[in-house]
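Input: a single structure, listed below in structure tokens.
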Amino acid sequence: MMHDTSPLTPQPSEVVTRFAPSPTGLLHLGNVRTALLNWLYARKHGGRFLLRFEDTDQDRSEQAYIEAIKADLHWLGLKWDGDVLFQSAHAGRHSDALSMLARQGQAYRCFCSEHQLSLDRKLATSRGLPPRYSGRCRGLSADESVGRAESEPFVWRMAVHTEQGDVRVQDALRGEVLFALRDLDDPVVVRSDGSFTFLLPNAVDDALDGVTHALRGDDHLTNSAYQVWLLERLSYKPPVYLHHGLLLGADGAKLSKRSGSHSVVELREDGLLPAALVQAMARLGHPNMPEDALDAASLLAHFEADHISTTAVRWSDDEMWRWHTRLLHGLDAAQLAPLIKPYLPDVDAERLLRMAVLIGGNIERVEDASAFARLLDAEAVPGDEPAAILKAAGPAFFVTAAEAWQTHDGDDWKAWLNDVKAKSGCKGKGLFMPLRVALSGALHGPEMSAIIEFLGPDGVMARLQQACQIRPDGV
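Right, here's the structure in full:
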């Protein structure tokens, strides 16, 4: 009998969850949801959240991905407890588990070729039967199995399928889920190259690491049945599972790193606030989360696992960026200033802070700040659409505006505006828009009074004089 001697074994009342990514690629949205739900569940119950890398695929596992995933989790605020765990550290325990199953007659070598298996599947399908393994090698004697293994390739299978009995999966969202053994297959647990598939190491590691609850997608329900069967035969207590509905794309296809899902690295490079991703993700399939739960503490306070939907949910980039804008507008100037700095001309810290105060409510993403570069640099060239407005107004308009500005003290900007209106004959958008663009570089933004106060009299004049140089055929 195998017993757990791991120091991570929890007390019976302690909740332990885990996030167990494979370090074969970058963290994507499906991973984020799994990590977040397990983190929320552990923190809600005062438990521990473990990070374990399932790194047994040595050909595809890379240290760079390990570091990237750790960095992404830190960025998202999903701090794990204790040291990072690695599946490869338990390789000996995985082999011990397989040996125990084999001694019990619960695992066996299978020598069937891929060609033979394909023929078997086609035959079963033609008879209207599920394409399960036929059990051809299950009855081999120990001597024959050992003898053939010396010269033939083989895999290891678990001897699960039988006409009698069942497996009971304890699911905190769905209740007890019953699987008849006659409906299950004899799954491969060791490939012909000697590497383990997902089933055995994942289950054994959960037991060794003291995992009490595992939150994952309902595409793992059948895997859970196999793993409960396995753990019971190794005298381990299976974790309580929570199989939530899958995360789908807007087109209804499952999101994954192979099907076009965003990586967290890409979203970070796009300037996304980490809290926006957490907010959007935490609310998927959790309809009772209030809109004013705007930080991790509030999300935890309102998180209830039994509210998680067991039906599929669809991801929305628009919703994620809506949260980004809302949270961006909630930042104070000191928080916003370093975020917009890369998109603006170099200025001192005090002026950058004033800039953040001025435009903070007028940007939806941090890169939108670049549209207001002219507020800091009179020579900054506006974008195509604003530039077209300047050219359409023509230099004579801005000469009039500059001359009128010289006759006003800068405090009564409305009087200046009326003066320009009277002398140029322009009104409405034909009056306001060219002046706004000349001063700020943008079509929309802060109130004109705030722009003029920010620029000061000399700053306004410098931008009007620069606009005087614009010609219809260029700048």
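Per this note's numbering, the very first residue in the sequence shown carries number 11; after that it's consecutive.
Backbone N, C-alpha and C define an ideal beta-carbon position, used for all residues, glycine too.
Extent of the continuous alpha helix (DSSP H) run through residue i
| i | result |
| --- | --- |
| residue 176 | Here residue 176 belongs to no alpha helix (DSSP H); instead the beta strand (DSSP E) covers 176-181. |
| residue 85 | 73-86 |
| residue 339 | 327-339 |
| residue 236 | 231-243 |
| residue 458 | 458-478 |
| residue 283 | Element bounds for residue 283: n/a, residue is neither H nor E. |
| residue 447 | 439-450 |
| residue 427 | 423-434 |
| residue 214 | 209-218 |
| residue 364 | 359-369 |
| residue 156 | 152-159 |
| residue 60 | Here residue 60 belongs to no alpha helix (DSSP H); instead the beta strand (DSSP E) covers 58-63. |
Closest residue to residue i among the options (Cα-Cα distance)
| i | options | result |
| --- | --- | --- |
| residue 80 | 67, 95, 70 | 95 |
| residue 376 | 168, 30, 49, 280 | 280 |
| residue 362 | 468, 345, 372 | 345 |
| residue 463 | 423, 45, 400, 475 | 423 |
| residue 129 | 119, 143, 173, 412 | 143 |
| residue 246 | 221, 190, 263, 333 | 221 |
| residue 70 | 33, 292, 53 | 33 |
| residue 163 | 348, 149, 202 | 202 |
| residue 474 | 415, 457, 126, 43 | 415 |
| residue 241 | 178, 67, 372 | 178 |
Between the CA atoms of residue j and residue i - distance to the nearest angstrom
| i | j | result |
| --- | --- | --- |
| residue 425 | residue 418 | 8 Å |
| residue 353 | residue 367 | 16 Å |
| residue 139 | residue 231 | 21 Å |
| residue 223 | residue 249 | 5 Å |
| residue 428 | residue 382 | 25 Å |
| residue 478 | residue 41 | 55 Å |
| residue 405 | residue 481 | 7 Å |
| residue 26 | residue 219 | 9 Å |
| residue 393 | residue 229 | 48 Å |
| residue 329 | residue 156 | 58 Å |
| residue 90 | residue 289 | 19 Å |
| residue 236 | residue 309 | 34 Å |
| residue 59 | residue 30 | 11 Å |
| residue 199 | residue 244 | 15 Å |
| residue 258 | residue 325 | 6 Å |
| residue 351 | residue 391 | 18 Å |
| residue 470 | residue 338 | 28 Å |
| residue 466 | residue 64 | 60 Å |
| residue 97 | residue 343 | 45 Å |
| residue 327 | residue 304 | 18 Å |
| residue 208 | residue 239 | 15 Å |
| residue 24 | residue 48 | 14 Å |
| residue 195 | residue 99 | 29 Å |
| residue 438 | residue 413 | 20 Å |
| residue 121 | residue 127 | 10 Å |
| residue 260 | residue 43 | 16 Å |
Span of the beta strand (DSSP E) around residue i
| i | result |
| --- | --- |
| residue 189 | 185-190 |
| residue 199 | 198-200 |
| residue 224 | 223-227 |
| residue 251 | 250-254 |
| residue 37 | Careful: residue 37 lies outside any beta strand (DSSP E) and carries neither H nor E. |
| residue 166 | 165-168 |
| residue 407 | It is not in any beta strand (DSSP E) - residue 407 instead sits in the alpha helix (DSSP H) that spans 405-416. |
| residue 101 | Taken as a continuous stretch (DSSP letters only), residue 101 belongs to no beta strand (DSSP E), being part of the alpha helix (DSSP H) at 101-113. |
Status (buried if at least 16 other CB within 10 Å, exposed otherwise) for residue i
| i | result |
| --- | --- |
| residue 492 | Residue 492 is absent from the structure shown; the chain starts at 11 and stops at 485. |
| residue 165 | buried |
| residue 92 | exposed |
| residue 301 | exposed |
| residue 450 | buried |
| residue 270 | Bear in mind that the predicted position of residue 270 carries a pLDDT of just 49, short of 50, making it too unreliable to give a figure here. |
| residue 84 | exposed |
| residue 468 | exposed |
| residue 410 | buried |
| residue 104 | buried |
| residue 444 | buried |
| residue 455 | buried |
| residue 102 | exposed |
| residue 186 | exposed |
| residue 347 | buried |
| residue 358 | exposed |
Cβ-Cβ separation, residue j to residue i (assumed contact under 8 Å), whole Å
| i | j | result |
| --- | --- | --- |
| residue 210 | residue 86 | Not confirmed; about 30 Å, so no contact. |
| residue 37 | residue 265 | No, residue 37 and residue 265 are not in contact; Cβ-Cβ is about 12 Å, not under 8 Å. |
| residue 204 | residue 171 | Their Cβ separation, rounded to whole angstroms, is 24 Å, which puts residue 204 and residue 171 out of contact at 8 Å. |
| residue 389 | residue 476 | 6 Å |
| residue 502 | residue 183 | Given a span of 11 to 485 for the chain in the structure shown, any question on residue 502 remains unanswerable. |
| residue 399 | residue 447 | 5 Å |
| residue 180 | residue 251 | 7 Å |
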